[in-house]
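2 protein chains.
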Amino acid sequence: MPEMFKVLPPAEALKVWFDHASPFPRVESIATEEALDRVLAERLTARSALPTFARSTMDGYALRAEDSFGATESLPAYFSVIGEVPMGRSFPQTVGPAQAAVIYTGGMLPAGADAVVMVERTQKLDAANIEVLRSVAPGENLVYVGEDVKEGELLFEAGSILRPQDLGGLMALGITQVSVAARPRVAIISTGDEVIAPGQTPNPGQIRDVNTYTVAGLVARAGGIAVPCGIIGDNYQALLLATRAALENADMLVISAGSSVSTRDLTADVLNALGEPGVLVHGVAVKPGKPTILGVCNGKPVIGLPGNPVSAMVVAGLFLVPMLRRLQNNPRPLLRQRLTAQLTHNLPSVPGREDYIQVKLVEREGRLWAEPVFGKSNLIYTLVKSDGMICIPLNSNGLYQGEAVDVELF
Amino acid sequence: MPEMFKVLPPAEALKVWFDHASPFPRVESIATEEALDRVLAERLTARSALPTFARSTMDGYALRAEDSFGATESLPAYFSVIGEVPMGRSFPQTVGPAQAAVIYTGGMLPAGADAVVMVERTQKLDAANIEVLRSVAPGENLVYVGEDVKEGELLFEAGSILRPQDLGGLMALGITQVSVAARPRVAIISTGDEVIAPGQTPNPGQIRDVNTYTVAGLVARAGGIAVPCGIIGDNYQALLLATRAALENADMLVISAGSSVSTRDLTADVLNALGEPGVLVHGVAVKPGKPTILGVCNGKPVIGLPGNPVSAMVVAGLFLVPMLRRLQNNPRPLLRQRLTAQLTHNLPSVPGREDYIQVKLVEREGRLWAEPVFGKSNLIYTLVKSDGMICIPLNSNGLYQGEAVDVELF
Numbered sequence: 001m002p003e004m005f006k007v008l009p010p011a012e013a014l015k016v017w018f019d020h021a022s023p024f025p026r027v028e029s030i031a032t033e034e035a036l037d038r039v040l041a042e043r044l045t046a047r048s049a050l051p052t053f054a055r056s057t058m059d060g061y062a063l064r065a066e067d068s069f070g071a072t073e074s075l076p077a078y079f080s081v082i083g084e085v086p087m088g089r090s091f092p093q094t095v096g097p098a099q100a101a102v103i104y105t106g107g108m109l110p111a112g113a114d115a116v117v118m119v120e121r122t123q124k125l126d127a128a129n130i131e132v133l134r135s136v137a138p139g140e141n142l143v144y145v146g147e148d149v150k151e152g153e154l155l156f157e158a159g160s161i162l163r164p165q166d167l168g169g170l171m172a173l174g175i176t177q178v179s180v181a182a183r184p185r186v187a188i189i190s191t192g193d194e195v196i197a198p199g200q201t202p203n204p205g206q207i208r209d210v211n212t213y214t215v216a217g218l219v220a221r222a223g224g225i226a227v228p229c230g231i232i233g234d235n236y237q238a239l240l241l242a243t244r245a246a247l248e249n250a251d252m253l254v255i256s257a258g259s260s261v262s263t264r265d266l267t268a269d270v271l272n273a274l275g276e277p278g279v280l281v282h283g284v285a286v287k288p289g290k291p292t293i294l295g296v297c298n299g300k301p302v303i304g305l306p307g308n309p310v311s312a313m314v315v316a317g318l319f320l321v322p323m324l325r326r327l328q329n330n331p332r333p334l335l336r337q338r339l340t341a342q343l344t345h346n347l348p349s350v351p352g353r354e355d356y357i358q359v360k361l362v363e364r365e366g367r368l369w370a371e372p373v374f375g376k377s378n379l380i381y382t383l384v385k386s387d388g389m390i391c392i393p394l395n396s397n398g399l400y401q402g403e404a405v406d407v408e409l410f
Numbered sequence: 001m002p003e004m005f006k007v008l009p010p011a012e013a014l015k016v017w018f019d020h021a022s023p024f025p026r027v028e029s030i031a032t033e034e035a036l037d038r039v040l041a042e043r044l045t046a047r048s049a050l051p052t053f054a055r056s057t058m059d060g061y062a063l064r065a066e067d068s069f070g071a072t073e074s075l076p077a078y079f080s081v082i083g084e085v086p087m088g089r090s091f092p093q094t095v096g097p098a099q100a101a102v103i104y105t106g107g108m109l110p111a112g113a114d115a116v117v118m119v120e121r122t123q124k125l126d127a128a129n130i131e132v133l134r135s136v137a138p139g140e141n142l143v144y145v146g147e148d149v150k151e152g153e154l155l156f157e158a159g160s161i162l163r164p165q166d167l168g169g170l171m172a173l174g175i176t177q178v179s180v181a182a183r184p185r186v187a188i189i190s191t192g193d194e195v196i197a198p199g200q201t202p203n204p205g206q207i208r209d210v211n212t213y214t215v216a217g218l219v220a221r222a223g224g225i226a227v228p229c230g231i232i233g234d235n236y237q238a239l240l241l242a243t244r245a246a247l248e249n250a251d252m253l254v255i256s257a258g259s260s261v262s263t264r265d266l267t268a269d270v271l272n273a274l275g276e277p278g279v280l281v282h283g284v285a286v287k288p289g290k291p292t293i294l295g296v297c298n299g300k301p302v303i304g305l306p307g308n309p310v311s312a313m314v315v316a317g318l319f320l321v322p323m324l325r326r327l328q329n330n331p332r333p334l335l336r337q338r339l340t341a342q343l344t345h346n347l348p349s350v351p352g353r354e355d356y357i358q359v360k361l362v363e364r365e366g367r368l369w370a371e372p373v374f375g376k377s378n379l380i381y382t383l384v385k386s387d388g389m390i391c392i393p394l395n396s397n398g399l400y401q402g403e404a405v406d407v408e409l410f
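Just so you know, the sequences run in chain order A and B.
Position one of the first sequence corresponds to residue 1 (our numbering), numbered consecutively onward.
Position one of the second sequence corresponds to residue 1 (our numbering), numbered consecutively onward.
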């Protein structure tokens, strides 16, 4: 049982994997309404200005600003009211000297007028006349044409993830259909003679499948479609057949490999038989997660995760999630869900590998503390009991108690 | 056009609203596989231990630890190999004194054995005999029964949001079905004579609906089901009929109100007619977002959002999202997506209200800076161009350039 990995640092391993996986060609056109959190596949510019007409931001009177110049409470300016601007329509008249039109927030500025005076700065004299008690500048209390977006302005780069306000921004311009990256289909296969489906009752020596479900959750959160493909025993022919079938209907394949050296070798052999170039990386300098396999088979990325649930989740976060972003052509650096907290314990490490430690967040004396949740990497509940993870960098001897650490939340 | 709000601080307004909205009674039973990001409606304890048998964490030999005591490279201990532990099954024999069984990672510890020695610490003598070059302690290289979860142990409190690893943890124990809070149905109505559907071409004075879509996105992200109910003109009867119909098929109602005082009054009147107790809060001390209406009609929460898209989004984040969490019985304080950054500008404010400012994150000299995106609250693209928001607290005069601020990411 020889262990002969060429162990790569995570960043280097990811680069090798990325270099061999082509950008994802599949895009689809969907209703903007359905595009929340999808990745835009086109660069969008504004075909028209927003707004297309000057709008009032106040309830008040539209008028010519110059007619109000010099107006004060003691020396008001007089205006005759020539009508009311209807909401959603243009005002049929032109506002002339010393004339005003009633206007509401969002109303369209009438021709002739160039400002709005707030109702609170006016005094009604009679049904047709008002006093204006303060001067307004041209453009005051208005949104002008193109103030939100100018015609031809860049709206979104390709690769943007569409957030709630982005949907609103698209709709404001009448862009009701968008081209987005198709959600990558990720086939997931669990392997191991000892692994059974969660609905079954285990005999002595058997355990229920965990990794299919943690990985499916991560895939869904990263914008992919998880396609669970069942559990395959430790048999080369069976695994080769199952992975070949799974990869045919998917854009990417995840094999939750057995943890023993022999089953890891099985996964590697199957990857090499599945398609060119096969295995690219066998082993990464990360704890937990060293026995990771990264490959590409006929243009489709394949990853062999370690069987231990904690290792599988760390490795999926480090490699599977970035690959899913790449497959969706999403180049924007991820603003990950992070918090800064202080470490409750010393955490020694060994230079030459990245260590990932699960932590619980606790608030004490108004401060946020990160408390390590120690546990072997085959215990799924160390993850369940944790709020996030911290990373001890590649060339560090460890972290000190009290040190500020970045916690990546689950 | 009188403005007669009794303006409440946001926290106080939320409390009033919460006090009148009953906890949500609807739960549903779904497959654990489908339960990602859902809120658990039951408290779950372990009906069995995990694992149910002691498992090896290494490839090596299972043996009685005491037989290895004192073994060194120069003075090894001798063992006869009596067989190999099959994966997923128990070993049919008992390991006796000076006996060992081949075992792989994840294999079930045979009867008689109490430790595993790593294969790297052994030397093969012949087909049936090995030397052990280092002593092992009882329990070494093992996961013992219940080490992950003990029988009867608390797994999840009701109200937990199920993350990827939580699904795995449930599956590990055979919990393939869970009771979760039903996703609240949130009806959304946009109002305004000037508002048209995004697919239509606006005439002068008309604008496309934005808020239905930003709100729908926020609702979906907070676990609700958005039910867009169209656009209603500024007409009391029409709005009353539409809101009544919408609320019948929903758990909550959002009215994106017009921004002028008269249409705000319309929304309040409709709320009071819809059901008891009607309007609870009319105006909150927040900028933008002051003309917010919070109400409860026959047990169902109703919110009147300001019409300006930026105000609507700020207010939806402050009130709608927490209410959606409450309706799902999710008491766990939200670990919001936050980053700390340094402010690029002075930001004056007025004590007595909370100010929300959109910011863009920029990295300069290795530091993260929050750069305010100034723009009127009726410009949707100030939100599109922003990465997040910062809050100037209720009783602050503002924030200083260079100050560290919490940025809540969109």
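Ideal Cβ placement from N, Cα and C applies to all residues, glycine included.
Treat the numbers as computed from the prediction; the structure is a model and nothing was measured.
Closest to residue i by C-alpha separation, out of the options, would be which residue?
{"i": "A/Pro138", "options": "A/Val149, A/Glu66, A/Gly199, A/Asn203", "result": "A/Glu66"}
{"i": "A/Val350", "options": "A/Leu253, A/Arg185, A/Asn397, A/Leu239", "result": "A/Asn397"}
{"i": "A/Pro164", "options": "B/Asn211, B/Thr45, B/Thr191", "result": "B/Asn211"}
{"i": "B/Leu8", "options": "B/His345, B/His282, B/Ala115", "result": "B/His282"}
{"i": "B/Val119", "options": "B/Leu40, B/Ala101, B/Gln328", "result": "B/Ala101"}
{"i": "B/Val405", "options": "B/His345, B/Gly205, B/Tyr381", "result": "B/His345"}
What's the C-alpha gap between residue i and residue j?
{"i": "A/Pro2", "j": "A/Val261", "result": "Here the model assigns A/Pro2 a pLDDT of 36, short of 50, so the residue's position is not dependable, and the following value carries that caveat. Those two C-alpha atoms are separated by around 8 Å."}
{"i": "B/Gly107", "j": "B/Tyr144", "result": "12 Å"}
{"i": "B/Leu63", "j": "A/Val296", "result": "41 Å"}
{"i": "A/Leu133", "j": "A/Arg121", "result": "5 Å"}
{"i": "B/Ala181", "j": "B/Gly224", "result": "10 Å"}
{"i": "A/Ala220", "j": "B/Thr45", "result": "27 Å"}
{"i": "B/Ala273", "j": "B/Leu394", "result": "33 Å"}
Could you name the residues of the same chain whose beta carbon sits closer than 7 Å to that of residue i, not counting the 5 residues immediately before and after it, in chain order?
{"i": "B/Ser311", "result": "Pro288, Gly289, Ser377"}
{"i": "B/Ala11", "result": "none"}
{"i": "B/Met4", "result": "The predicted position of B/Met4 is uncertain, since its pLDDT is 47 and thus under 50; no value can be drawn from it."}
For residue i, name the three-state secondary structure that DSSP assigns.
{"i": "A/Gln358", "result": "strand"}
{"i": "A/Val286", "result": "strand"}
{"i": "A/Asp19", "result": "helix"}
{"i": "B/Asp234", "result": "coil"}
{"i": "A/Asn129", "result": "strand"}
{"i": "A/Arg134", "result": "coil"}
{"i": "A/Pro86", "result": "coil"}
{"i": "A/Pro348", "result": "strand"}
{"i": "B/Arg208", "result": "strand"}
{"i": "A/Tyr400", "result": "coil"}
{"i": "A/Ile392", "result": "strand"}
{"i": "A/Ser68", "result": "helix"}
{"i": "A/Tyr144", "result": "coil"}
{"i": "B/Val149", "result": "strand"}
{"i": "A/Val219", "result": "helix"}
Spatial neighbours of residue i within its chain, please: C-beta separation below 8 Å, excluding the five flanking residues on both sides.
{"i": "B/Gln177", "result": "Ser29, Ile30, Ala31, Thr32"}
{"i": "B/Ser22", "result": "Gly299"}
{"i": "B/Asp387", "result": "Val359, Lys360, Leu361, Val407, Leu409, Phe410"}
Can you list, in chain order, the residues of its chain whose CB lies under 6 Å from that of residue i, leaving out five sequence neighbours each side?
{"i": "B/Glu276", "result": "none"}
{"i": "B/Met389", "result": "Tyr356, Gln358, Glu408"}
{"i": "B/Leu339", "result": "Val407"}
{"i": "A/Ile380", "result": "Val210, Pro309"}
In terms of residue numbering, what span does the alpha helix (DSSP H) encompassing residue i cover?
{"i": "B/Ser262", "result": "261-274"}
{"i": "B/Pro92", "result": "Element bounds for B/Pro92: n/a, residue is neither H nor E."}
{"i": "B/Val314", "result": "309-315"}
{"i": "A/Tyr381", "result": "380-384"}
Residue range of the beta strand (DSSP E) that residue i falls in?
{"i": "B/Phe374", "result": "Neither: B/Phe374 is in no beta strand (DSSP E) and is coded neither H nor E."}
{"i": "B/Pro301", "result": "300-305"}
{"i": "B/Met495", "result": "Coverage of chain B is limited to positions 1 through 410, which leaves residue 495 of chain B absent and any answer about it impossible."}
Flag residue i as yes when its Cβ comes closer than 7 Å to any non-hydrogen atom of the ligand ATP, and as no otherwise.
{"i": "A/Val145", "result": "Ligands are entirely absent from the displayed structure, and the ligand ATP is therefore not among its contents."}
Nearest chain E C-beta to residue i closer than 8 Å, yes or no?
{"i": "A/Tyr213", "result": "No chain E is part of this structure, whose protein chains are labelled A and B."}
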